[in-house]
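First the structure, in the form of structure tokens, and then the observations on it.
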Amino acid sequence: MDPFKNAYEKVWSRSWSVFFLLGGVIVLCGIVQPGYGADGERLWITDAAVVEAAGTQTAVDGASDGAGGGFFVWSDGGIGAQRVDASGNPLWNPPGGIQVAASGSSPRVISWGSDLIVVWQQGNGIFVQKISSTGVPQWTAGGVQAATGGEYPILAPDGSGGAFVVWGEAMRIAHVNSSGILTAPGVDGISLGSNVRMGWYKDMTAIGPMSVIVVWADYAKNIVAQKVAAGLPWGATPTVISNDARDEGPVDVAFDGVDGALITWSGLQVTPTKNAQVRAQRISSGGSSLWGTNGVVIVDSAVVGGAPDDWVFYEVTSTIASDGWGGGIVAWNDWRNDAGTTGNDDVYAQRVNSGGSLLWTTNGVLLPPWIDGFTAPGSQRRARIVSGLAGGAVVTYMDSGGWSWDISATRLDGDGNKLWSEYVYSDSGYDQVNPVIVYDGSGSSPHGAIIAWEDNYVGNIFAQKIEISSAGVENDNCAEATVIGEGVYYGSTLEATNDGSSSCGQSNLSPDVWYSYTADCSGTLRVATCGSSFDTAFSVHQGCPGTADNEVGGGCNDDCHDGSFGCGGLQSCLVLAIHAWETYLIRVTGYGGAVGDYTLHVSMEAPMNDDCEEALPMAEESVVFSTCMATTDGPDEPGQCNIFSYTQIESDIWYRYYASCNGVATISLCGSEYDTKLAVYGGSCPAGSGMVLACNDDACGVQSEVTVPVSQGAEYLIRIGGYHGVQGRGILTVYINPADLNSDCRVDYEDYAYLPDWWLANGCAAPDWCGKADINHDYAVDLNDLAILAVHWLGHVLP
């Protein structure tokens, strides 16, 4: 399985140029011709430069160098590596590359910045090595030994320059840090809790810094998963993803763009009836299955038909990539169009949205370039997929529609339309098999998907780069900003123009793209570009054209220094207070003209005091609050809070009030922006119903207010929620006696002296209520306030 295809890992694993091998020689199949080609066109011409290497090279794998070129590793009895630039020129010890290890097989590679990390197996175990951008090994000569045994290793980045390494048959994982040191417990790592059914029936994806999800088919023929974060697994045994009665596996895994994983697999059944299915599942970072028990069925042989023997006795495999919106695009081969005599399997694709609903043509979109009626001549199989631009994908596969096995590719948009379907390589009699594909938008234009395959005639590996053009960027202009909600969004500024400016990042001439966000409630917005491939900047504006003049206050950032985001130093982040139903325009751009692929994270921050145990302290004062994104952790109150037969206080937040005087405290939400509900408790979080001291719904319009006897120095918990869970922004004011203007627990001449300055200021506004001088809360300090003060002073109201 290919762990380098999904959106998250594009940061670590960029596109790679590829080669074919001829009699111990690696031959570059073509050179990029900058400025030429069209969407779907081949970018490399034949008869290009030759890189010689001893022996026969097989099992080639690659990753991006982040500059339009690539790193390559292969097995030739040992393990070799080479770096080529965006034009296909070899950079390391041409023509033969460098030797990573004298013996080994099954190499896999990822990239970190301008370095690569490679893992392989050899007779005495699993080894891993980091190589610099100039081809110099960085760790122990011969590699760091991760395991004393094992087979078919895979790896994923840790986000800090190191890697997680997984191997079978007994599934285990180890971590090597950026310095090449194995973290505890060291060699042989830790167990993932079970064995893998077949060595290659496993896959892994990074889902964040120091966090990966590993998925495999176990001995029970079920699909299981483990998350490992900071060296710790979910538990002693893996989480079951599917325990369907069919024999399940192999698997393919991709990052879902949020915090979990997308998984696809096939399941076969021989008795009581022959049947096969392709399924998919999305799991959260906590291990919850988000697409129902045992996942969603992508295709079922019982529904689409075909020869049952072919479905169960020949291969049915699937592959998945993120659609950039929390869902996935699945490609697979199946046998619906085979009557049992022709050996005809075809490749299809389907998109599943973030909620698990199928979006494209029922039972999938038929992909091959040559279609005759409802099928394609010959067979198509072993599909591999990468995410493309604008929510689509590019799929490559073996295609025997001609005289022999050739290599084809299809590009799909987000709606399942085929933008092109092409033969990547075709000849008149020899087989080309086992394609792999990587897409990257780095480096100079034109950009493309790079597809490599094996040639069975001479035992070589060929490659071609197919252009992917964006045909313009949909959200290139502020006026055409893409409307979004909370989530993770992917895109590129490579084809964008400039129509905005901002106060940070030296980005006034940088290409930019735009998003439009409108919050359902007032609160705190978190925006970041963590995981982007270039030096980003972004700003938030209140209108078009977006300029520094209409930036929201504090709404521009170049380099993120807030550790809570987990960004690299050149990515951007900010935290911004926003208001319900106002539209905010987010400009994504690059520092000083930089361009590249970006990942935009948008989320509303849950209140700090969402839980009772995290109540914020307050005294007699006024504070602005928001319940946006708040959950409910307080008890139902069928007694005092039974208002119109509604007894709960939903979407609640908490304050811990310390009374400064003896008396009767007024706790008010009057002036808030939504339909509130309010309760007051003693100093301990309520363990159940019936502990409430006071409760109110609509004391002042649809806002709430209560009065509660309090004792000096005592603590009281204030619970603020919304009627039937409504969320919003509001004002909480607490006072014991409104005439005690200087909070010294008495009303006297000092309070009288406090009043004139505010009176002469001629009015005030919430939430300060004029520093308490607006005693009757009518947004003015006048004779009415003086009269109230006089009554309390002369009447000695305070105890």
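Residue numbering for the sequence shown is 388 to 1186, as defined by the working numbering. Glycine residues also receive a C-beta, built at the ideal position from the N, C-alpha and C atoms. Remember, it's a predicted structure, so these values are computed and weren't measured experimentally.
Backbone secondary structure at residue i - three-state DSSP
i: N1171; result: helix
i: P822; result: strand
i: A593; result: strand
i: G567; result: coil
i: L1176; result: helix
i: N937; result: helix
i: H966; result: coil
i: V574; result: coil
i: C865; result: helix
i: A607; result: coil
i: H487; result: According to the sequence displayed, residue 487 carries Val and not His. V487: strand per DSSP, three-state reduction.
i: V1051; result: strand
i: S501; result: coil
i: W807; result: strand
i: D545; result: coil
i: C954; result: coil
i: E1000; result: helix
i: S1013; result: strand
i: E1137; result: helix
i: D448; result: strand
i: A981; result: coil
Inter-residue CB distance, residue i and residue j (contact presumed, cutoff 8 Å)
i: I628; j: S581; result: So it is not a contact: roughly 12 Å between Cβ atoms.
i: V734; j: N720; result: 5 Å
i: L1104; j: W1041; result: 6 Å
i: W554; j: I513; result: 5 Å
i: A1066; j: C1082; result: 4 Å
i: A1160; j: D1169; result: The Cβ separation is near 10 Å, so there is no contact.
Residues that DSSP places opposite residue i in a beta bridge
i: Y735; result: W719 and L753
i: Q1099; result: For Q1099, which the question treats as bridged, DSSP gives no partner whatsoever.
i: Q509; result: G512
i: A910; result: It should be pointed out that residue 910 corresponds to Gly in this sequence rather than to Ala. Partner(s): I965.
i: S348; result: In this structure the chain extends from 388 to 1186, so residue 348 is not present and cannot be described.
i: R771; result: T783
i: D662; result: Note on identity: in this sequence residue 662 is Asn, with Asp being the wrong assignment. Its beta-bridge partners are Q656.
i: G1115; result: Paired residues: none, contrary to the question.
i: F925; result: N944 and V975
i: C1087; result: Q1090
i: T905; result: T970
i: V615; result: V599 and P620
i: L1104; result: R1043 and Y1068
i: A839; result: V823 and A850
i: D463; result: According to DSSP, which records beta bridges pairwise, D463 is partnered with nothing at all.
i: L341; result: Nothing can be reported for residue 341, as the shown portion of the chain is limited to 388 through 1186.
From the options, residue whose alpha carbon lies closest to that of residue i
i: A468; options: A454, G453 and P494; result: P494
i: E841; options: I1036, N750, D793 and V657; result: D793
i: N804; options: W747, V823 and I1105; result: W747
i: V506; options: G1112, S547 and A543; result: A543
i: D732; options: G713, V691 and D949; result: V691
i: I837; options: G977, Y812, I1036 and V860; result: Y812
i: D696; options: G682, G1069 and A663; result: A663
i: S888; options: E867, Q958, Y1122 and G977; result: G977
i: A632; options: T658, G779, L619 and F642; result: T658
i: I568; options: V611, T592 and Q516; result: Q516
i: G956; options: D448, C947 and F925; result: C947
8 Å Cβ cutoff, residue i in contact with chain C
i: Q1114; result: The chain inventory of the structure shown lacks chain C, comprising one protein chain alone.
Contact set for residue i: own chain, Cβ-Cβ below 8 Å, skip 5 residues either direction
i: N937; result: H928, Q929 and G930
i: I1175; result: P1125, A1126, I1162 and N1163
i: R768; result: E702, T704, N720, D732, V734, Y784 and M785
i: P596; result: D545, G546, S547 and G953
i: L745; result: V683, I685, Q737, R738 and V739
heavy atom of the ligand SAM below 7 Å from residue i C-beta
i: K1159; result: Ligands are entirely absent from the displayed structure, and the ligand SAM is therefore not among its contents.
Neighbourhood of residue i by C-beta, 6 Å cutoff - its chain only, sequence neighbours within 5 removed
i: S1055; result: E1092 and T1120
i: G674; result: W621 and T626
i: V1178; result: none
i: D634; result: K608 and L655
i: G422; result: At G422 the pLDDT is 31, less than 50, meaning the model places this residue with poor confidence; the figure from the coordinates comes in the next sentence. For G422, where only same-chain residues beyond five positions count, there are no Cβ hits under 6 Å.
Residues near residue i by beta carbon distance below 7 Å, same chain, minus five either side
i: A623; result: G580
i: C865; result: D886, G887, W901, C931, P932, G933 and L972
i: K661; result: P695, D696, W698 and V699
i: G727; result: A694, D696 and D697
i: E1007; result: S1047, V1121, Y1122, I1123 and S1130
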